[in-house]
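Trainee: Residue 414 is where the sequence shown starts when you use the working numbering, and the numbers rise one by one after that.
Every residue, glycine too, gets a C-beta built ideally from N, C-alpha and C.
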Amino acid sequence: MKLSADVITEALSGYVLDANFSCEEPPEFSGVRVFTGREKRLEKDILYVCSSKLLYGSNRGMFDEGCFVIKSCPFDYQPANAIILSESCDLYDVSNRLIELFETANFYERKIKEASGLRKGYEPFIELARQMLPHCVIVLTDSAYTLVGSTTNSVPENAYLNAIVERGFYNKTDLDLMAEKGYFSDERKYRMPILYGADHTISGVPFLVRSYRLFGSTTSFMGCYFVYSPPKKLDVALFRCLTDEIGEYMSANGMYDGSLPTKQRMIDDIITGRRRDTEFFYDRCAKLHIPFEGEFRIGVLQLINDNGSTVKLAQIANQLSTFCYVQNYGAFQYVSSIIILFRDWHNYDVKEMSTFSENWQALERTIVANKAYMGVSLGFSTMQQFATAYRQALNCASLGREQKPGKCVYYYSEYYIFDMLRKYNESIPLQSVYTSYLDELDDGKGGSFSNLELLYVYLIS
């Protein structure tokens with residue numbers, strides 16, 4: 414791992430009088446060596462610890478080639494790139510400090526690479542962060558700001574952080590506060606970790622953050638809160654190495670949420686039900702601007718020719734958000750489909766029903782024009798039933814396409830019995846249940862009476 418000159422000077426604090434470099438940006442170094450005076454060539458990314466005796470007796474033409482750690486000397490002997498130490502310092506002690514510094518950095522760099530090579534997700538990175546920065550609270554989120562990992566389960570010293578790690582996600586209030594602080598508008602954090610001072614953070618402690626972006630959308634961020642001690646330059650360097658590797662890991666292996674954008678991630682949280690606590694559902698609803706309770710139905714719209722065109726789906730979602738006049742709480746793109754959260758029309762009054770039919774026909778024309786079809790769930794009353802309604806809409810659309818491929822809208826109320834039988838048939842063949850009894854009703858003689866027909870008339874009456 415390369416360490417910047419700032420990290421070096423901080424590690425030698427108390428010894429450093431001055432630091433001069435010929436380049437505008439502080440240089441970075443990959444290691445340290447003792448200067449012997451017998452070198453034929455100096456490497457620009459190596460720090461050379463040099464004694465005064467060797468400095469005065471060496472070819473000064475070499476001084477522009479490398480960077481030196483030296484004691485104070487006359488100006489005409491000073492190399493172009495040098496970290497200048499006080500006369501009272503011990504160069505042996507300085508050398509040992511620098512060797513230990515680079516050994517620590519290189520040790521953790523190897524460990525970070527090993528964590529990536531395990532291909533076991535993000536927990537190995539979190540475990541390493543716990544060892545590498547024990548004086549910090551480090552969190553990793555997904556695109557909906559749910560904690561994928563955290564180095565601790567509680568932070569009793571800080572109420573704000575304690576609430577987040579115990580809750581397991583940044584809620585809407587947290588995100589609103591972050592927006593006020595300008596975190597979301599700071600584009601720098603997508604390229605490198607950005608350190609905010611305690612006076613610019615919600616937590617009241619220094620905050621180091623690195624965000625990730627895939628396909629134009631924010632997919633995650635990793636945050637480091639310096640709860641127990643102030644940040645050091647080495648901390649920032651280690652955090653950067655860690656977050657760079659996590660970024661590479663994401664690109665190579667895909668995000669833990671399939672690279673879903675923020676809204677889709679939150680809808681996925683509701684559908685998959687990874688968490689069932691009511692507070693979590695309330696938060697997701699607040700961020701999506703939909704009610705938690707009410708009278709709902711779900712429509713799931715899919716393209717007839719599913720070629721994975723996310724651009725077309727996004728266009729249809731925008732179109733429905735603007736021009737769907739059937740009362741709804743929003744149209745949301747979700748992977749290869751669009752979910753419309755309708756206000757249930759089951760209890761409409763006469764006036765509402767008079768316009769509903771016309772608006773629904775307009776929606777059907779829009780679906781047909783976009784070469785799509787839609788399944789519609791039964792009614793439900795809370796977002797904790799959202800996942801069930803979603804499956805109802807998907808299943809009836811699938812069954813409807815098999816039985817009546819020419820229609821554009823399919824209702825679960827018409828297909829639920831087929832869905833139940835299909836699920837039953839997956840565990841016990843239906844033929845083994847009904848065939849023998851039906852055979853008993855059919856005497857096979859072709860007489861003037863049919864017991865099967867009589868049974869059918871009886872059932873539908």
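Look up Y823 in the DSSP assignment and give the residues it is bridged to.
Mentor: Per DSSP, G788.
Trainee: How far does the alpha helix (DSSP H) with V870 in it extend, from its first residue to its last?
Mentor: Note, V870: alpha helix (DSSP H), N864 to I873.
Trainee: Cutting at 8 Å between CB atoms, please list the residues of its own chain near S794, excluding the five before and the five after it.
Mentor: E706, G707, E708 and F709
Trainee: Report the CB separation of V622 from K602 in whole angstroms; it is logged as a contact under 8 Å.
Mentor: The pair is a contact, with the Cβ atoms about 5 Å apart (cut-off 8 Å).
Trainee: What is the rounded straight-line gap between the Cα of Y695 and the Cα of S642?
Mentor: Their backbone Cα atoms lie some 35 Å apart in a straight line.
Trainee: Are the Cβ atoms of A800 and I684 separated by less than 7 Å?
Mentor: yes
Trainee: Cutting at 6 Å between CB atoms, please list the residues of its own chain near D477, excluding the five before and the five after it.
Mentor: A493
Trainee: Specify, as a first and last residue, the run of the beta strand (DSSP E) that L493 falls within.
Mentor: This sequence places Ala at residue 493; Leu is not what is there. Secondary structure note for A493: it is in no beta strand (DSSP E), with a DSSP letter that is neither H nor E.
Trainee: Between the C-alpha atoms of Q732 and Y824, what's the straight-line distance to the nearest angstrom?
Mentor: Using only the alpha carbons, I get a separation of about 22 Å.
Trainee: What number of angstroms, rounded off, separates the C-alpha of M591 from the C-alpha of K645?
Mentor: One C-alpha to the other measures close to 24 Å.
Trainee: What is the residue span of the beta strand (DSSP E) that Q844 lies within?
Mentor: Premise fails: Q844 lies in the alpha helix (DSSP H), Q844 to L854, not in any beta strand (DSSP E).
Trainee: Give every residue of the same chain whose Cβ lies closer than 6 Å to the Cβ of V781, excluding the five residues on either side of it in the sequence, and list them in chain order.
Mentor: C821
Trainee: By Cβ distance below 7 Å, which residues in the same chain neighbour L531 in space, the five residues on each side in sequence not counted?
Mentor: P537
Trainee: Per DSSP, which residues does T559 bridge with? Please list them.
Mentor: F582
Trainee: Give the DSSP-derived three-state secondary structure of E880 in the structure shown.
Mentor: No statement about residue 880 is possible, as the shown extent of the chain runs from 414 to 874 and does not include it.
Trainee: Quick one: what does DSSP say K700 is sitting in, helix, strand or coil?
Mentor: helix
Trainee: Note the first and the last residue of the continuous alpha helix (DSSP H) segment covering C809.
Mentor: Element bounds for C809: F799 to Q816.
Trainee: If you draw a straight line from the alpha carbon of L812 to that of Y837, how long is it in whole angstroms?
Mentor: 15 Å
Trainee: Where does the unbroken beta strand (DSSP E) through G660 begin, and where does it stop?
Mentor: Unbroken run through G660 is the alpha helix (DSSP H), K646 to N666; no beta strand (DSSP E).
Trainee: If you drop the 5 nearest sequence neighbours on each side, which residues of the same chain put their C-beta closer than 6 Å to that of A875?
Mentor: Not covered by the structure: residue 875. The range shown for the chain is 414 to 874.
Trainee: Pull up the CB-CB distance for Y583 and T554, whole angstroms please, since I reckon it's below 8 Å.
Mentor: 7 Å
Trainee: Quick one: grab the DSSP three-state call for M414.
Mentor: coil
Trainee: Under 6 Å Cβ to Cβ from I551, same chain only, skipping five residues before and after it: list those, please.
Mentor: A542, T564 and C637
Trainee: Does the Cβ-Cβ distance between C486 and Y428 come in under 7 Å?
Mentor: C486 is not a Cβ neighbour of Y428, given a cutoff of 7 Å.
Trainee: Pull up the CB-CB distance for I659 and M635, whole angstroms please, since I reckon it's below 8 Å.
Mentor: 7 Å
Trainee: F448 lies in the alpha helix (DSSP H); which residues open and close that run?
Mentor: Taken as a continuous stretch (DSSP letters only), F448 belongs to no alpha helix (DSSP H), as it is neither H nor E.
Trainee: Give the DSSP-derived three-state secondary structure of T779 in the structure shown.
Mentor: helix
Trainee: Based on the DSSP output, what are the partners of G636 in its beta bridges?
Mentor: V552 and V622
Trainee: According to DSSP, is D431 part of a helix, a strand, or is it coil?
Mentor: strand
Trainee: According to DSSP, is I615 part of a helix, a strand, or is it coil?
Mentor: Here I615 sits in coil by DSSP.
Trainee: Where Q715 and I421 are concerned, what is the direct C-alpha to C-alpha distance, given to the nearest angstrom?
Mentor: 58 Å
Trainee: Is it true that the CB of V713 sits closer than 7 Å to the CB of A806?
Mentor: yes
Trainee: Please name the residue in I525, A730, E692 and S840 whose C-alpha comes closest to that of R580.
Mentor: E692
Trainee: Could you name the residues that DSSP lists as bridge partners for Q715?
Mentor: According to DSSP, Q715 bridges with Y786.
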